Amino acid sequence: MLFLKKKMPSPKKSYSRITTKTLQEMKANGEKISMLTAYDYTFGGIVDKAGIDVILVGDSASNVMAGHETTLPITLDQMIYHASGVVRSVKRAFVIVDLPFGTYQADSKEALRSAIRIMKESGAHGVKLEGGLQVKESIERILKAGIPVMGHLGLTPQSIYKFGTYTVRAKEEEEAVQLLKDTQMLEQLGCFGIVLEKVPSALAGQAAQSIKVPIIGIGAGNKVDGQVLVLHDMLGMNKDFSPRFLRRYLDLNQILQKAISKYSRDVKSMDFPNDNEQY
Ligand code: KIV
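If you read the sequence shown in our numbering, its first letter stands for residue 1132, the second for the next number, and so on.
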């Protein structure tokens, strides 16, 4: 029987520090970009050491860290708290922080003030915000201040009550055309990259081909320039979120529960601490 080995493309170049420039270079060289969320010092360091290119301190912290149903409740202070821990642990990755809901939509001056607070108080390397044309002025103002901006199109969870559902976006032609227009507008404004969430793979591929800055997909198929997942989802820490696009690399929920209940049993049976574990 003939076994064909799957071709594993190796990185074209090794980077000791990821910047907006290296991300453009990776796209130009056809090297896929890996991106993952992190929300604290310990996981930030693990993710960075594992060689992830971009760490996103996502407002998904509202779900996975605080237990809210949506990303809407998380505040700017809370995002800065999460981000500063991550930044302290990172040596190589580019760290981006989500501007939370309500901190950039009202007007562009408030958007700039929010972005400046994130950069100054957390030490992050850039910000991400959701939307296209509606947030054009905010993006322009933040970019003018020298702050790198990543866009976020397709399913934008901060607008969940407008959509009403978390299903795939831009399946209809009108929305697909608008998404392609927004993609190009974000590049022209000067965004260094775009997250594209839950859209058909062919459309995402078309968007990625139409611009020079990288498109990082989540549920957007394999024709884009990189992939992002929520750390807690890909590690299998929460059981109740199973979209089709999610690949689970570990059943950490079960592993942790086993270890913790063993500890509890050891305490009750007086197995812990033993003679070598005391002074
Ligand atoms: O907040 C987040 O984790 C995100 C990703 C889903 C891209 O925006």
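Note that beta-carbon positions come from the ideal geometry of N, C-alpha and C, so glycine has one too.
Predicted model only: the values in this text are computed from it and were never measured.
- Per DSSP, G1336 is not a residue of any beta strand (DSSP E); the alpha helix (DSSP H) it occupies stretches across 1332-1341.
- By the CB criterion at 8 Å, A1338 and I1346 fall inside the cutoff.
- Between the alpha carbons of L1311 and K1393 lies a distance of about 53 Å.
- Here V1280 really is in contact with L1260; their C-beta atoms are around 7 Å apart, less than 8 Å.
- H1283 has its Cβ nearer than 7 Å to a heavy atom of ligand 1.
- By the CB criterion at 8 Å, I1342 and Q1315 fall inside the cutoff.
- Distance from the CA atom of E1305 to the CA atom of L1154, rounded to whole angstroms, is 30 Å.
- When the beta-carbon positions are compared, L1327 and G1262 stay at least 8 Å from each other.
- Distances between the C-beta of G1189 and the heavy atoms of ligand 1 include at least one below 7 Å.
- In this structure, I1349 has its CB closer than 7 Å to one or more heavy atoms of ligand 1.
- In the DSSP annotation of this structure, H1256 is not part of any alpha helix (DSSP H), being labelled neither H nor E.
- Placement of the Cβ of T1202 at a distance of less than 7 Å from at least one heavy atom of ligand 1 is found.
- Placement of the Cβ of D1171 at a distance of 7 Å or more from every heavy atom of ligand 1 is found.
- Pairing G1357 with K1163 gives a Cβ-Cβ distance under 8 Å.
- Following the DSSP letters along the chain, one finds M1166 inside the beta strand (DSSP E) bounded by residues 1164-1168.
- Annotated as distal: T1202 and L1187, with beta-carbon spacing of 8 Å or more.
- With a threshold of 16 other beta carbon atoms within 10 Å, E1408 falls short and is exposed.
- As computed with DSSP, F1323 is found in no beta bridge at all.
- When secondary structure is reduced to three states using DSSP, E1328 falls in the strand class.
- From the listed residues A1242, I1227, V1228, the smallest Cα separation to T1234 is found for A1242.
- Proximity of the beta carbon of D1229 to ligand 1 is indicated: a heavy atom of the ligand is located closer than 7 Å.
- If you draw a straight line from the Cα of P1204 to the Cα of H1213, it is about 15 Å long.
- Shown here, I1149 sits in coil according to DSSP, grouped into three states, outside any helix or strand.
- Shown here, H1199 sits in coil according to DSSP, grouped into three states, outside any helix or strand.
- A direct Cα-Cα distance of roughly 7 Å separates E1252 from S1215.
- Relative to ligand 1, V1361 has its C-beta within less than 7 Å of a heavy atom.
- Between the alpha carbons of V1221 and D1190 lies a distance of about 19 Å.
- Counting only runs that start and end inside the region 1337-1375, the beta strand (DSSP E) elements of at least 3 residues fall at 1346-1349, 1357-1360.
- Closest option to S1145, judged by alpha-carbon separation, among R1223, G1176, V1178, A1197: R1223.
- Burial state of D1364 is buried, judged by a 10 Å Cβ sphere holding 16 or more other Cβ atoms.
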